[in-house]
Ligand SMILES: [Zn+2]
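Numbering (full-length UniProt numbering), first residue to last: 1 to 218.
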């Protein structure tokens, strides 16, 4: 039914669109001036630094296309499968999220990994949605595995769907952009009322804390 598979150009454009729209929002001072975490703007140096923020989209589109050749059933996914949504959520919470957390920790703990790879991501003075995409090839490959596990795992189980591929990948991008947008989108009172939410949403305040911490320790 879905001929082009998850490597389709539509997904690539939508993913870029999510980042561009979040970036526009993070610069709309008339909307978010009072909820900005850092008041300063992005300077030319940072724009140059993050110029190739979209490289990971090209890499993951290529990996997605290769996956379609290796697993031809990915080219013939149904539009929707409810069981697949449940299966993907279980794999996300049980495998992808812990793996993402563990790998991120390793990138900080190991001096070599931090100085040669992850420091680039933390070198942007003002976090923004494009900062989310500004990382090294090794980190992009790790993230490709993290995103790929629920999508491919669910499809191998026979519950895959085109909606799941689009929905999961775009939600992943959406939440990463939210975490890097330098605006307190979800008020901190909400986290005080629902403490568990803290573990589900990576907040811009947390992102800022980590960046300032590592810029100081350099
Ligand atoms: Zn980090």
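C-beta atoms are modelled at their ideal positions from N, C-alpha and C, and glycine is treated no differently.
Buried or exposed: which applies to residue 52, given that a residue is buried once 16 or more other Cβ atoms fall within 10 Å of its Cβ?
Position 52 of the chain shown holds residue 52. Label assigned to residue 52: exposed.
If we count the other Cβ atoms within 10 Å of its Cβ and call it buried at 16 or more, is residue 24 buried or exposed?
To locate residue 24, count along the chain shown from 1; it is residue 24. Exposed: under 16 other Cβ atoms inside 10 Å.
Taking the DSSP output, what are the residues bridged to residue 36?
Within the chain shown, the letter at position 36 stands for residue 36. Partner(s): 183.
Is there at least one non-hydrogen atom of ligand 1 closer than 7 Å to the beta-carbon of residue 108?
For the purposes of this step, residue 108 is identified with residue 108 of the chain shown, where counting begins at 1. Yes, ligand 1 has a heavy atom inside 7 Å of this Cβ.
Residue 201 to residue 156 span [Cα, whole Å]
For the purposes of this step, residue 201 is taken as residue 201 along the chain shown, with counting starting at 1. For the purposes of this step, residue 156 is taken as residue 156 along the chain shown, with counting starting at 1. Their Cα atoms are separated by approximately 28 Å.
On the premise that residue 139 lies in contact with residue 118, defined as a C-beta separation below 8 Å, what is that separation, rounded to the nearest angstrom?
Residue numbering aside, residue 118 sits at position 118 when the chain shown is read from its first letter. Residue numbering aside, residue 139 sits at position 139 when the chain shown is read from its first letter. Correct: roughly 7 Å between the Cβ atoms.
Where does the unbroken alpha helix (DSSP H) through residue 56 begin, and where does it stop?
Residue numbering aside, residue 56 sits at position 56 when the chain shown is read from its first letter. Segment 55–70, the alpha helix (DSSP H) holding residue 56.
Using 10 angstroms around the beta-carbon of residue 107, count the other beta-carbons present and answer buried if the total reaches 16, otherwise exposed.
For the purposes of this step, residue 107 is taken as residue 107 along the chain shown, with counting starting at 1. Classification of residue 107: buried, given that the 10 Å Cβ count is 16 or more.
If we count Cβ pairs, one from each stretch, closer than 8 Å, do we get three or more for the stretch 191–199 versus the stretch 168–181?
no
Cut-off 6 Å between Cβ atoms - residues of its own chain near residue 63, not counting five sequence neighbours on either side
Along the chain shown, read from residue 1 onward, the residue named residue 63 stands at position 63. Cβ within range, chain order: 144.
Nearest by alpha-carbon distance to residue 60: which of 20, 12 and 74 is it?
The sequence position of residue 60 within the chain shown is 60, counting from 1. It is 12.
Got a sec, what are the start and stop residues for the alpha helix (DSSP H) residue 87 sits in?
On the chain shown, position 87 is the one that residue 87 refers to. Counting along the chain, the unbroken alpha helix (DSSP H) around residue 87 starts and ends at 82–91.
For the stretch 72–84 against the stretch 162–178, are there 3 or more C-beta pairs whose distance is under 8 Å?
Between the stretch 72–84 and the stretch 162–178 there are three or more C-beta pairs closer than 8 Å, enough to call the two in contact.
Since residue 124 contacts residue 46 with CB under 8 Å, what's their CB separation in whole angstroms?
The residue you call residue 124 lines up with position 124 of the chain shown. The residue you call residue 46 lines up with position 46 of the chain shown. That belief holds up - the Cβ atoms of residue 124 and residue 46 are roughly 5 Å apart, short of 8 Å.
For ligand 1, is there any heavy atom lying closer than 7 Å to the beta carbon of residue 180?
Numbered from 1 along the chain shown, position 180 holds the residue referred to as residue 180. Outside the cutoff, so no.
Taking the C-alpha atoms as reference points, what is the distance between residue 101 and residue 113?
In the chain shown, residue 101 corresponds to position 101, counting from 1. In the chain shown, residue 113 corresponds to position 113, counting from 1. The straight-line gap from Cα to Cα measures roughly 15 Å.
Please tell me whether, using a cut-off of 7 Å, the distance from the CB of residue 116 to the nearest non-hydrogen atom of ligand 1 is below it.
Numbered from 1 along the chain shown, position 116 holds the residue referred to as residue 116. The beta carbon of residue 116 sits no closer than 7 Å to any heavy atom of ligand 1.
For the UniProt domain "Fatty acid hydroxylase" (93–191), list the alpha helix (DSSP H) runs that are entirely contained and at least 4 residues long, ordered along the chain.
Taking 4 residues as the shortest admissible run, the UniProt domain "Fatty acid hydroxylase" (93–191) contains the following complete alpha helix (DSSP H) segments, listed from N- to C-terminal end: 97–109, 111–116, 129–133, 137–156 and 162–180.
Rounded straight-line distance, which links the Cα of residue 151 to that of residue 168:
On the chain shown, residue 168 is found 168 positions in, with the first residue counted as 1. On the chain shown, residue 151 is found 151 positions in, with the first residue counted as 1. If you take the alpha carbons of residue 168 and residue 151, they lie about 8 Å apart.
Which value, in whole angstroms, describes the spacing of the CA atoms of residue 105 and residue 185?
Locating residue 105 in the chain shown gives position 105, where the first residue counts as 1. Locating residue 185 in the chain shown gives position 185, where the first residue counts as 1. Rounded to whole angstroms, residue 105 to residue 185 spans 25 Å at the Cα level.
Can we count residue 19 as close to ligand 1, meaning its CB is less than 7 Å from some heavy atom?
For the purposes of this step, residue 19 is identified with residue 19 of the chain shown, where counting begins at 1. Result no, Cβ not under 7 Å from ligand 1.
Buried or exposed (CB count within 10 angstroms, at least 16 for buried), residue 187
Numbered from 1 along the chain shown, position 187 holds the residue referred to as residue 187. With fewer than 16 other Cβ atoms within 10 Å, it is exposed.
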